[in-house]
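For the sequence shown, our numbering gives the first residue as 20, with consecutive numbering after it.
Built from N, CA and C at the ideal position, the CB exists for glycine as well.
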Amino acid sequence: MKQRITYLLHEAGGVDPETLDVGKDSIKLPGLKAAKEWRVTLGTRELPKEVSSVLEQSHEIHIRWSAEWNYDAVTPFSSRVPSGFHVFYTPGENASSDTLCPLLGQIFGDAVECASVKESFSTPPIVSERFAMSAKYQYYKPLARLTRFIGYLSSTMCDSSDVSCHSQVASLAQASSLDLDYDMISHALRVTAYWDWAVAADGSQGVWDETLHLQPSSDALEVGILNVEKANEEGEIALSGLLTVVGEDTKPSATMFSFPARHHAVSKQPEELSFETSFRQPTGLHPALELKFPANALTQPDESCALHAYLTLPSSVFIDRYQLSDPLFLASQNLIALRSLSGATDLEAPVWTTPQWGSAALLELTHPETPSVNNATWSVTVPLHTRYMLPSTDGTHTAHIPWPAVFWACEAEDGLKMSVNPFDRTNIGYDGLFGPKTLFHHIGASAETKTLMETLEIPVLDKTKTGFVEIGTGVTVLLGFLWVLWSMIKGNSKATSEAGKKE
20 MKQRITYLLH EAGGVDPETL DVGKDSIKLP GLKAAKEWRV TLGTRELPKE VSSVLEQSHE
80 IHIRWSAEWN YDAVTPFSSR VPSGFHVFYT PGENASSDTL CPLLGQIFGD AVECASVKES
140 FSTPPIVSER FAMSAKYQYY KPLARLTRFI GYLSSTMCDS SDVSCHSQVA SLAQASSLDL
200 DYDMISHALR VTAYWDWAVA ADGSQGVWDE TLHLQPSSDA LEVGILNVEK ANEEGEIALS
260 GLLTVVGEDT KPSATMFSFP ARHHAVSKQP EELSFETSFR QPTGLHPALE LKFPANALTQ
320 PDESCALHAY LTLPSSVFID RYQLSDPLFL ASQNLIALRS LSGATDLEAP VWTTPQWGSA
380 ALLELTHPET PSVNNATWSV TVPLHTRYML PSTDGTHTAH IPWPAVFWAC EAEDGLKMSV
440 NPFDRTNIGY DGLFGPKTLF HHIGASAETK TLMETLEIPV LDKTKTGFVE IGTGVTVLLG
500 FLWVLWSMIK GNSKATSEAG KKE
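Below, the structure written as structure tokens:
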């Protein structure tokens, strides 16, 4: 097992190396105001048997979880996915399609609601066979907390007496995002968690004053305390600070390095450009999702950049691809095109005949040609539709719609090798819909936003008020049957009477 823990300081002053207490197998932090990334790499032999057996049948599997609360994705951790639980999976040659879903339910809880890969997963489009960057199958479900995952780790990966292990695992309850990655080439599982801030006991922003220990089962523990610097080259990120290899170093070592990065924050001052998402009221059966931007800040980072939104929609809600093929209608909604749509896209299918998780859509958005001189709002509307659903006792069905990931997609300069980025992040759904040399400049939610999940109340038939409908329907059917029967008897008797007269 290898661990790498990185702190990105929120303040540019850096940290005095004398304030770090480096021991033989530990390092004590002085209280850092910073974002944190914790990465653990495990071999399959170090994992529970039920996990390793599924992984060994997989070509690749990538799990992405993002919190529902609004958080700051700082450089170089600026990539985002819609809030919830995402799985991107390519099975091995002899993989069983019935083993992954039960394991996901066991580890992450019943909210995953995955029957089998064949039934529940969708197949995202492949833009290029040669440069394919996406897995074969995709799955999504809203998942508010990692409670079941934390319990599973504590019971299977930590000894009952290992207080430090249990404490580290419990801290995942405040994590902003979680990634799990496995591929058949490395035969290793990489777990990466991210916190935008330390969380104090009262729930407010705190400091990292923890002591990190090199576990007996760990081969290495690398700790970095870094600041973001100004990069010399376009498309690169520069960092400086202190690095310590616990168990080997007796004091921190100064460092400064830069690397090409595919993901960037759109601005060093996120309050200048952000967005808000809400449903236009009343929603009804054809809800309209609105994205709002400050028009004076919505400017292209580069002439090659195009503004996009990536949505993941549950099976109860869908996009009509034919509606979004009309250029005039698209222009009226400040949309350019529906670039990709996969998953449950049947326009007429009711929800009870739609086993797939839902659908994923990539939309290209328009933006102001010239910056606004006032505080005007630029609005983009995404028209949605709801499926036929079963009746309920209160006349509504609740659907949870995560905020989309919004970003500028730009052309990278030739020669940029993104893979050398130690914090590179791929397989996040939309990156596979672009070429391998694409830069993403991510736009975050406004600072006033508390949650990145919208609740949509869809009207359905109220079972408590349908008694008269059922009785009326039954009476109508019976009367209709009697009328048809009477008409047949009457017609038959008339024909018999006329035949008798002719004789």
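- Annotation for S190: no beta strand (DSSP E) segment contains it, and DSSP assigns it neither H nor E.
- In this structure A92 does not touch S102 by the C-beta definition: roughly 12 Å separates them, more than the 8 Å allowed.
- Going by C-alpha positions, P49 is about 11 Å away from V41.
- Straight-line measurement puts the Cα of E138 at about 43 Å from the Cα of L233.
- The beta strand (DSSP E) runs lying completely inside the segment 185 to 227 and spanning 3 residues or more are 196 to 202, 207 to 214, given in chain order.
- Across the structure, M275 and V247 are spaced so that their CA atoms are roughly 10 Å apart.
- Beyond the five residues adjoining it in sequence on each side, R358 comes within less than 6 Å, by CB distance, of L381, E383 in the same chain, given in chain order.
- DSSP places I447 in no beta strand (DSSP E); its state is neither H nor E.
- With a threshold of 16 other beta carbon atoms within 10 Å, Q300 falls short and is exposed.
- Here V34 carries a coil assignment [DSSP, helix/strand/coil].
- Exclusion of the five residues before and after V399 leaves L310, N353, L384 as the residues of its chain whose Cβ lies within less than 6 Å of its Cβ.
- Along the segment 332 to 386, the alpha helix (DSSP H) occurs as fully enclosed runs of 4 or more residues at 346 to 351, listed in sequence order.
- In the DSSP secondary-structure assignment, Q157 is bridged to F107, S141.
- When C-beta atoms of the segment 22 to 31 are compared with those of the segment 44 to 58, three or more pairs fall below 8 Å, so the two segments count as touching.
- At least 7 Å separates the beta-carbon of T118 from that of V59.
- R58: not part of any alpha helix (DSSP H); member of the beta strand (DSSP E) spanning 53 to 62, first to last residue.
- Rounded to whole angstroms, S335 and R406 show a C-alpha spacing of 5 Å.
- Secondary structure note for E291: it is in no alpha helix (DSSP H), with a DSSP letter that is neither H nor E.
- In this structure, the CA atom of P369 is about 33 Å from the CA atom of F294.
- The distance from the Cβ of W422 to that of H460 is about 17 Å, inconsistent with a contact at the 8 Å cut-off.
- Using a Cβ-Cβ distance cut-off of 8 Å, the segment 432 to 452 and the segment 340 to 350 are not in contact, since fewer than three pairs of beta carbons, one from each stretch, lie closer than that value.
- Residue burial annotation: Q224 is exposed, with fewer than 16 other C-beta atoms found within 10 angstroms of its C-beta.
- Here T118 carries a coil assignment [DSSP, helix/strand/coil].
- Listed as beta-bridge partners of D481 by DSSP are S411.
- Under the 10 Å beta carbon count, Q319 is surrounded by fewer than 16 other beta carbons and is classified as exposed.
- The beta carbon of E432 is closer than 8 Å to those of E253, G254 in its chain, skipping five residues each way along the sequence.
- Distance from the Cα of M437 is smallest, within the candidate group V425, K456, L366, E476, for K456.
- For L245, the enclosing beta strand (DSSP E) begins and ends at 239 to 248.
- Using a Cβ distance threshold of 7 Å, V188 and L199 do not count as a contacting pair.
- Assignment of R23 by DSSP, reduced to helix, strand and coil, places it in the strand class.
- Rounded to whole angstroms, the separation of the alpha carbons of A192 and R164 is 7 Å.
- Of the residues assessed, P346 falls on the exposed side of the cut-off, its CB having fewer than 16 other CB atoms within 10 angstroms.
- With distances taken between CA atoms, Q342 lies nearest to P402 out of N394, P402, T302, Q375.
- Looking at the backbone, the Cα of H419 and that of P161 are separated by about 7 Å.
- Taking C-alpha positions only, L240 is separated from S272 by approximately 14 Å.
- Between T364 and S344 the beta-carbon gap is near 13 Å, outside 8 Å, which marks them as no contact.
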